[in-house]
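**Q**
Residue numbers (this note's numbering): 61 to 160.
(1) Tell me whether residue 118 is buried or exposed, calling it buried when 16 or more other Cβ atoms sit within 10 Å of its Cβ.
(2) Buried or exposed: which applies to residue 139, given that a residue is buried once 16 or more other Cβ atoms fall within 10 Å of its Cβ?
(3) When DSSP labels each residue in this structure, what does residue 86 get in the three-state scheme?
(4) According to DSSP, is residue 62 helix, strand or coil?
(5) Among 157, 152, 136, 156, whose alpha-carbon lies nearest the alpha-carbon of residue 65?
(6) As a quick exercise: from 131, 150, 124, 116, pick the residue whose alpha carbon is nearest that of residue 18.
(7) Is it buried or exposed, residue 115, if we count other Cβ atoms within 10 angstroms and call 16 or more buried?
(8) Should residue 136 and residue 86 be called a contact, given that it needs their Cβ atoms to be closer than 8 Å?
The structure is reproduced here in structure tokens:
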């Protein structure tokens, strides 16, 4: 078993959901995360001064899959999300030990 963790732009979430559903992956976790980095954030005006927040809200998906299908899931997510800038998606795969 493998645990796949990916952080994606929330605008691509519905496309990723559709692809995972087509592959038969129906059980995964979604959570909202705040990412800090080189990506451009929101420009806000506070008391007449511009403030650029370099944090962006993204979505983290956690998918537990069989060893055989893990690579196919990663390829499917990458085909959708990697079309943008380099900070658009991050993927990690780890071994997953079942606990009853």
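Beta carbons: idealized from backbone N, C-alpha and C, even for Gly. No experiment lies behind these values; they were computed from the predicted model shown.
**A** So, from the listed chains and residues:
(1) Residue 118 sits at position 58 when you count from the first residue of the chain shown. The residue is buried, with at least 16 neighbouring Cβ atoms inside 10 Å.
(2) In the chain shown, counting from the first residue as 1, residue 139 sits at position 79. Answer is exposed; the Cβ neighbour count stays below 16.
(3) The count along the chain shown starts at 1 and reaches residue 86 at position 26. Three-state result, residue 86: coil.
(4) Position 2 of the chain shown holds residue 62. Strand.
(5) Taking the chain shown and counting its residues from 1, the one referred to as residue 65 is at position 5. Selected option, being the one with the closest Cα: 152.
(6) For residue 18 there is no data in the structure shown, the boundaries of the chain being 61 and 160.
(7) Taking the first residue of the chain shown as position 1, residue 115 is located at position 55. Under this definition residue 115 is an exposed residue.
(8) Here residue 136 refers to the residue found at position 76 when the chain shown is read from its first residue. Here residue 86 refers to the residue found at position 26 when the chain shown is read from its first residue. Result no, Cβ atoms of residue 136 and residue 86 do not sit closer than 8 Å.
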